[in-house]
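**Student:** The structure follows.
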Amino acid sequence: MRLLKSTVHPDIQSLDRPTFLRLATRAIILQGEQILMLYTERYHDYTLPGGGVDKGEDLEQGFVRELQEETGAKNIRNIREFGLYEEFRPWYKDDFDIMQMKSYCYVCTIDNELGETQFEAYEIKNGMKVVWLNIYDAIKHNEHTIANSDKKGMSIERETFLLKLIVKDLL
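Each residue of the sequence shown is one higher than the one before, starting from 1 at the first, in our numbering.
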């Protein structure tokens, strides 16, 4: 899969530290300029649906499971690679100093009707909601959050980069 970008969090001075590898997938689902996103109230941002790949799953299995859990997506099909976003973030548990996150992004098609979500407790607590919105509005919103919010999460730069690349490459 093509490497879209590799980033290192500004708090990391050296990558020569104990590092934990986390594999994740992200879903890109477009209907014209509308994109399926997750809005998280706690961070006031929009993110692509997706999450961690479980032990024993291949990337596509993890992709389908996460997309179904987070959005209630049905009949996931026409899955194709978009690219890999790699990031190195501070990690403060389990004898590791750094987490290397590899987010494998896929484009797919789903049925218009969404089923029930299966959010985890922390996702519910953070106020996560599934939304369809205009991709340009999502970019503008995230850019405003980056510039003005002290509660933004570490993922917003990745998500905004990906949204802009989706516009460039897919619209």
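Glycine included, C-beta positions come from ideal geometry on N, C-alpha and C. Predicted, not measured: the structure shown is a model, and the values here were computed from it.
1) Label W91 either buried or exposed according to how many other C-beta atoms from any shown protein chain fall within 10 Å of its C-beta, with 16 as the threshold for buried.
2) Give me the residue from T25, I98, I156 and V130 with the minimum Cα distance to Q13.
3) Can you pull the DSSP bridge partners for A138?
4) Please name the residue, chosen from T7, K152, R17 and N134, that lies closest to T40 on a Cα-to-Cα basis.
5) Need the endpoints of the beta strand (DSSP E) that K102 sits in, please.
6) Strictly by DSSP, which residues pair up with Q61?
7) Go ahead and label Y104 buried or exposed: buried means 16 or more other beta carbons lie within 10 angstroms of its beta carbon, across all protein chains shown.
8) Rounding to the nearest angstrom, what Cα-Cα distance links G26 and F82 in this structure?
9) Please classify N78: does DSSP put it in a helix, a strand, or coil?
10) Just to confirm before moving on: does the CB-CB distance between H144 and F88 stay below 8 Å?
11) Tell me, please, whether the segment 123-140 touches the segment 36-50 by the rule of three or more beta-carbon pairs shorter than 8 Å.
**Tutor:** The relevant details are as follows:
1) The count along the sequence shown starts at 1 and reaches residue 91 at position 91. By the neighbour-count rule (16 or more Cβ atoms within 10 Å), W91 is buried.
2) To locate residue 13, count along the sequence shown from 1; it is residue 13. The shortest C-alpha separation from Q13 is found at I98.
3) For the purposes of this step, residue 138 is taken as residue 138 along the sequence shown, with counting starting at 1. Paired residues: none, contrary to the question.
4) For the purposes of this step, residue 40 is taken as the residue at position 40 of the sequence shown. Cα-wise, what sits closest to T40 is K152.
5) As a first step, residue 102 is located in the sequence shown; it is residue number 102 there, counting from the start. Element bounds for K102: I98 to T109.
6) Taking the first residue of the sequence shown as position 1, residue 61 is located at position 61. According to DSSP, Q61 bridges with nothing at all.
7) Position 104 of the sequence shown, counting from 1, holds the residue named residue 104. The residue is buried, with at least 16 neighbouring Cβ atoms inside 10 Å.
8) For the purposes of this step, residue 26 is taken as residue 26 along the sequence shown, with counting starting at 1. For the purposes of this step, residue 82 is taken as residue 82 along the sequence shown, with counting starting at 1. Per the sequence presented here, residue 26 reads as Arg, with Gly not at that position. Those two C-alpha atoms are separated by around 10 Å.
9) Position 78 of the sequence shown, counted from the first residue, corresponds to residue 78. DSSP places N78 in the strand class (E or B) of the three-state scheme.
10) For the purposes of this step, residue 144 is identified with residue 144 of the sequence shown, where counting begins at 1. For the purposes of this step, residue 88 is identified with residue 88 of the sequence shown, where counting begins at 1. Pairing H144 with F88 gives a Cβ-Cβ distance that is not under 8 Å.
11) Yes, since at least three Cβ pairs between the segment 123-140 and the segment 36-50 fall closer than 8 Å, the two stretches touch.
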